[in-house]
Amino acid sequence: MRKQVFNHSSVETHWQKIWEEKNLYKLSDMNKVVNAFYNLWMFPYPSAEGLHAGHAFASTGSDVYGRFKRMNAKIVFQPIGYDSFGIHSENYALKIGKHPREMLEKTTKKYEQQLRSLGHSYDWRRTVTTSDSDYYRWTQWLFIELFKAGLAYRKKTEVNWCPSDKTVLADEQVMSPAQAGKEAKDARGNIIKGKKDILVCERCGTQVEKKLLEQWFFRITKYADRLLAGLKKIDWPDKVKLAQTNWIGKKEGINITYPIKDSNQEIVVWTSRPDTNFGATFIVVSPEYAKQNLKNLLIKDVQSKVEKYIKLSLSKSKEERLNEGRKKTGVFTGLYALNQLNNTQMPIWVSDFVLSEVGTGAVVGVPGHDKRDFEFAKGFKLPIVRVVVGQDKDQSDITDVNQVQEEEGTMINSEFLNGLDINIAIGKMMDFLEEKGWGKRVINYHLRDWLVSRQRYWGVPIPMVKCKLCGWQPVPSEELPVQLPEISDYKPEGKGRGPLANHPEFFKTTCPNCGGSAERETDVMDTFVDSSWYFLRYPSVDSKSSTKLPFDREITKKWLPVSLYFGGAEHSVLHLMYARFVTMVLHDRGYLDFDEPFPRFFAHGLMIKDGAKMSKSRGNVVNPDLYIEKFGADTLRLYLMFMGPMDGFPDFRDTGIEGMRRFVDRVWELFTNFKNVVVLDEEGARFIMIKMHQTIKKVTEDIEEFRYNTAISSIMEYINLLRGVASKNQKSKIKNQKDKSRFKNKHFNNIRCAEWDEALKNLALLLAPFAPHLAEEVWVNILGQEFSVHTYPWPKYNPEFIEEDSVEIVIQVNGKLRGTISLSKSEAQDKEKVIESAKKVNNLAKWLEGKEIKKEIFVPEKLVNFVL
RNA sequence: GCCAGGGUGGUGAAAUUGGUAGACACGCAGGAUUUAGGAUCCUGUGGGGAUUAAACCUCGUGCAGGUUCGAGUCCUGUCCCUGGCACCA
Numbered sequence: 005m006r007k008q009v010f011n012h013s014s015v016e017t018h019w020q021k022i023w024e025e026k027n028l029y030k031l032s033d034m035n036k037v038v039n040a041f042y043n044l045w046m047f048p049y050p051s052a053e054g055l056h057a058g059h060a061f062a063s064t065g066s067d068v069y070g071r072f073k074r075m076n077a078k079i080v081f082q083p084i085g086y087d088s089f090g091i092h093s094e095n096y097a098l099k100i101g102k103h104p105r106e107m108l109e110k111t112t113k114k115y116e117q118q119l120r121s122l123g124h125s126y127d128w129r130r131t132v133t134t135s136d137s138d139y140y141r142w143t144q145w146l147f148i149e150l151f152k153a154g155l156a157y158r159k160k161t162e163v164n165w166c167p168s169d170k171t172v173l174a175d176e177q178v179m180s181p182a183q184a185g186k187e188a189k190d191a192r193g194n195i196i197k198g199k200k201d202i203l204v205c206e207r208c209g210t211q212v213e214k215k216l217l218e219q220w221f222f223r224i225t226k227y228a229d230r231l232l233a234g235l236k237k238i239d240w241p242d243k244v245k246l247a248q249t250n251w252i253g254k255k256e257g258i259n260i261t262y263p264i265k266d267s268n269q270e271i272v273v274w275t276s277r278p279d280t281n282f283g284a285t286f287i288v289v290s291p292e293y294a295k296q297n298l299k300n301l302l303i304k305d306v307q308s309k310v311e312k313y314i315k316l317s318l319s320k321s322k323e324e325r326l327n328e329g330r331k332k333t334g335v336f337t338g339l340y341a342l343n344q345l346n347n348t349q350m351p352i353w354v355s356d357f358v359l360s361e362v363g364t365g366a367v368v369g370v371p372g373h374d375k376r377d378f379e380f381a382k383g384f385k386l387p388i389v390r391v392v393v394g395q396d397k398d399q400s401d402i403t404d405v406n407q408v409q410e411e412e413g414t415m416i417n418s419e420f421l422n423g424l425d426i427n428i429a430i431g432k433m434m435d436f437l438e439e440k441g442w443g444k445r446v447i448n449y450h451l452r453d454w455l456v457s458r459q460r461y462w463g464v465p466i467p468m469v470k471c472k473l474c475g476w477q478p479v480p481s482e483e484l485p486v487q488l489p490e491i492s493d494y495k496p497e498g499k500g501r502g503p504l505a506n507h508p509e510f511f512k513t514t515c516p517n518c519g520g521s522a523e524r525e526t527d528v529m530d531t532f533v534d535s536s537w538y539f540l541r542y543p544s545v546d547s548k549s550s551t552k553l554p555f556d557r558e559i560t561k562k563w564l565p566v567s568l569y570f571g572g573a574e575h576s577v578l579h580l581m582y583a584r585f586v587t588m589v590l591h592d593r594g595y596l597d598f599d600e601p602f603p604r605f606f607a608h609g610l611m612i613k614d615g616a617k618m619s620k621s622r623g624n625v626v627n628p629d630l631y632i633e634k635f636g637a638d639t640l641r642l643y644l645m646f647m648g649p650m651d652g653f654p655d656f657r658d659t660g661i662e663g664m665r666r667f668v669d670r671v672w673e674l675f676t677n678f679k680n681v682v683v684l685d686e687e688g689a690r691f692i693m694i695k696m697h698q699t700i701k702k703v704t705e706d707i708e709e710f711r712y713n714t715a716i717s718s719i720m721e722y723i724n725l726l727r728g729v730a731s732k733n734q735k736s737k738i739k740n741q742k743d744k745s746r747f748k749n750k751h752f753n754n755i756r757c758a759e760w761d762e763a764l765k766n767l768a769l770l771l772a773p774f775a776p777h778l779a780e781e782v783w784v785n786i787l788g789q790e791f792s793v794h795t796y797p798w799p800k801y802n803p804e805f806i807e808e809d810s811v812e813i814v815i816q817v818n819g820k821l822r823g824t825i826s827l828s829k830s831e832a833q834d835k836e837k838v839i840e841s842a843k844k845v846n847n848l849a850k851w852l853e854g855k856e857i858k859k860e861i862f863v864p865e866k867l868v869n870f871v872l
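If you read the first sequence in the numbering used here, its first letter stands for residue 5, the second for the next number, and so on.
What follows is the structure, encoded as structure tokens:
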């Protein structure tokens, strides 16, 4: 028979054109919908290099699911857009000396072409580009909504500053170099080596600095508890939920107040372990706390020493303090606090290891229970006391404390808390302290408010006006958008103000309140504000009624929240938390009926190449275009989905994709060469049907759980079987041992074609989500079915066929495999029968010989185990 | 340090409730075809042992124990890796 070659490029471009012409993936009316399914992939930012294979891996994962749902009677809305504002786009524009807007046209065009060539089923009619003014006017609207709700405010504080990007950053955008996937750089761009605990800019890997600036913040901390509680009701991967929980960092504790000896003042510390307070031997306050609260109490002898220490500490950034190693510095203030619990006087020290932003900025030193306090106590020869609280007795919090105990510490017993579980002890202690009026329960969070100002050009102008008389005023909604002007000097200068500050024609304006002269805010918004609400916009982009609001309320009711959100886990505490926050705010403002935007989120993994994350600097970026051209989009899609689990970290290899292309050719050959020639007898037909229904079941269940790799492998098994039947070369095509043994006794002689047709038809349907072009070509042009395979109902399996006629029983002796027998289903249920047959197996006699069978373990339809 | 998740062939990986470990592929080896190479097809492929051949035996899921008729799967300890948080009191 002649070898058939699948001409991928002509087949794929042909069907892409037809799909487009027939609007296969475009929804005509967003209002008339039943069974709506909003299938969303996190939109990319358009980079000049285009999509790499990692994008293709992720987006294909989403597309497969969308196609599967479409075939399962859902009206699928699958949009795509561009997160086009932001430092990432702007930095590249600066590098090549082109205006970001000019660059944007090229990059989005390239992205669209690439996504289309992958055969994705996007609704290209409804797209979103965050840098378009008809999108960002609504981002400005959102800002004003937050302002009106009291959730957008200005604050002067120490903020993260990236010296390379010349802007401030939110806490969430500052991370370890490993997290950013970059090598740490200093302000001049030189690689930093050998230093630990460096925090860098998420975008460029430059070590961040601290600056004291007044900036715009969103009050996300107000939603800390809501953000935590909401996690309980959404279907997300545990690791993502956990990352958010950790980031929010809710901790219950208590503020304990100690009187300061010989004064009428008090000192307040926050602790989560008041049960150890019997063992408190000193107090340490942060330099900031000391400066604010203790200065006036200092006696002359120590005053200059303490002030010198405070001054020195405050001149250092937080990072510098931390980087100086674990050796703790400090100074005694000469003051004492009274611990009313054990009537001791605790010396008050100042040390820079205490962070001013945590708790009250003052810590009670319990060196018997805390490693840092222990180090401090050892360093300055302060007493070490360990409290025995119930079950805490043996489990030391500090490894070397027990040893120290004998040498220099005292062990005391707290009768008050004796024998209690640690959590109960903590609760009891808090009750006690509150009753006495010595303390008050306070919950602390790690989460900080979201800093949204950016001193850059390429972003949404913050729609606020500052009037000397009226203060900050929002721009009236009818004046939105505040257009981002086209300027040529858009390079950031690093003076703490954005490039727009050099353009009086932009910022000079009048006050919306009093009409007097006023100035606009010249900073722009963090890109994460743009992406915090884009999913609300997609379904409504072409709605006429969305002129007063960014989204049509009726359409939103039908389509939101998002049915399945597909994206990377690297956004766990960035985009995913911001989007939840914004959705909650809009819900509370009465614009939305739901307060969780993504009830179901799947976190895909990250594709790597040669063991490392793909990046331009490493030079290991895989361009999907070359593979599409050489092997075809379907081959690439199948390969990407087959490489491993969707949430894994597959390593792209050329040889792997070649193997997948061979598979595609074999599929093509099966359809073209064996469409009509195969004939089956009744027994052979049933044999094929069993495998077919088993495959349908497996593929259906696997896709639903994103186990695409095993779905594809079961399709491969199915095809191997069909090819074996087709070529009558039984032994060679079927490698699966189970199929092989069953195959042996079957005959494929008499004419009987209906089942064969059904087998091929269902094969095309099962392939459709993974290889949409191949499936369509085969469906229409070979099997002669009606266009389109992608709107044809997904095959259902018949449970009658899933159960095989005969089953293989495993025979074990003392738990070890000694043989197998094949029995009919009914026989396999009967213990006596199975044991009888099992004993007849040749090999078994030598194992049972001369030994007494103590026990016979029988699992119906599975195994029999002889225990000797 | 704390909290998660994970260690299975040369490689990517499979393995409902404990019940034939390594499906499906890649790679590799041998063979067929070919002037040759490539492509294709066939055979083999966890380690070790044994046999003329087939059947066969034995070890094997990071390591050490345990529970069980039976453990990749459950329990205890331990080592390593990945991710999140981190002088957070």
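Ideal Cβ placement from N, Cα and C applies to all residues, glycine included. Note that the coordinates shown come from a computational prediction; the quantities given were computed from them, not determined experimentally.
In terms of alpha-carbon separation, which member of the options lies closest to residue i?
i	options	result
C799	V817, K701, V871	Sequence check: residue 799 is Pro here, not Cys. Comparing Cα-Cα distances from P799 to each of V817, K701, V871, the minimum goes to K701.
V486	D592, R524, K432, G728	R524
G90	M650, P50, G123	P50
G615	D169, P654, L590	P654
R541	V38, W142, K113, E24	W142
I873	E53, N297, E836	Residue 873 lies beyond the stretch modelled for the chain, which goes from 5 to 872, so this question has no answer here.
K320	L28, M696, E213	E213
P649	T714, R657, L590	T714
V671	E831, A730, P387	A730
E781	V368, Y115, F675, A573	F675
Quick check on residue i: does DSSP put it in helix, strand or coil?
i	result
I22	helix
F147	helix
K331	coil
N281	helix
V37	coil
D401	Because the pLDDT of D401 is 44, which lies under 50, any placement of that residue in the model is unreliable, and the number read from its coordinates should be weighed accordingly. Three-state result, D401: coil.
L859	The question names Leu, but residue 859 is Lys in the sequence shown. Note: K859 maps to strand in three-state DSSP.
K440	helix
T131	strand
E311	helix
Q349	strand
L852	helix
K512	strand
W672	helix
So who's on the other strand from residue i, going by DSSP bridges?
i	result
L821	Q816
K215	V163
W274	N259
R657	According to DSSP, R657 bridges with nothing at all.
T457	The amino acid at residue 457 is misidentified as Thr; the sequence shows Ser. Its beta-bridge partners are M529.
V845	Answer is none; V845 lacks a bridge partner.
L726	None; L726 has no bridge partner.
contact_flag[the stretch 158-178, the stretch 487-494] where n(CB pairs < 8 Å) is 3 or more: Taking a cut-off of 8 Å on C-beta distances, the stretch 158-178 does not touch the stretch 487-494, as fewer than three cross pairs fall below it.
Is there contact here, the stretch 12-28 with the stretch 109-123, by at least three beta-carbon pairs under 8 Å? Judged by Cβ distances under 8 Å, the stretch 12-28 makes contact with the stretch 109-123, as three or more pairs qualify.
Could you check whether the stretch 759-769 touches the stretch 784-799, counting it as contact only if at least three pairs of C-beta atoms, one from each stretch, sit closer than 8 Å? Flag = yes, the stretch 759-769 and the stretch 784-799 touch.
Length-filtered (4 minimum) alpha helix (DSSP H) runs lying within the stretch 69-108: You should have 91-100.
Would you call the stretch 717-725 and the stretch 815-829 touching, i.e. three or more CB-CB distances under 8 Å? Between the stretch 717-725 and the stretch 815-829, the count of Cβ pairs shorter than 8 Å is below three; the stretches do not touch.
Hey, is the stretch 219-232 in contact with the stretch 184-203, meaning 3+ C-beta pairs nearer than 8 Å? For the pair of segments examined, the stretch 219-232 was found not to touch the stretch 184-203: the number of CB pairs separated by less than 8 Å stays below three.
Assess contact between the stretch 530-547 and the stretch 130-137, defined as three or more Cβ pairs (one per stretch) separated by less than 8 Å. Is contact present? Contact between the stretch 530-547 and the stretch 130-137 is present, because at least three Cβ pairs lie under 8 Å.
Does the stretch 376-384 come within contact of the stretch 290-299, defined as at least 3 CB pairs closer than 8 Å? Segments in contact, no.
The stretch 68-79 contacting the stretch 791-811, beta-carbon criterion three pairs below 8 Å: Segments in contact, yes.
Going along the chain, which unbroken runs of the alpha helix (DSSP H) with 4 or more residues stay wholly within the stretch 566-653? Counting only runs of 4+ residues, the alpha helix (DSSP H) found wholly inside the stretch 566-653 occupies 579-592, 628-635, 637-646, in chain order.
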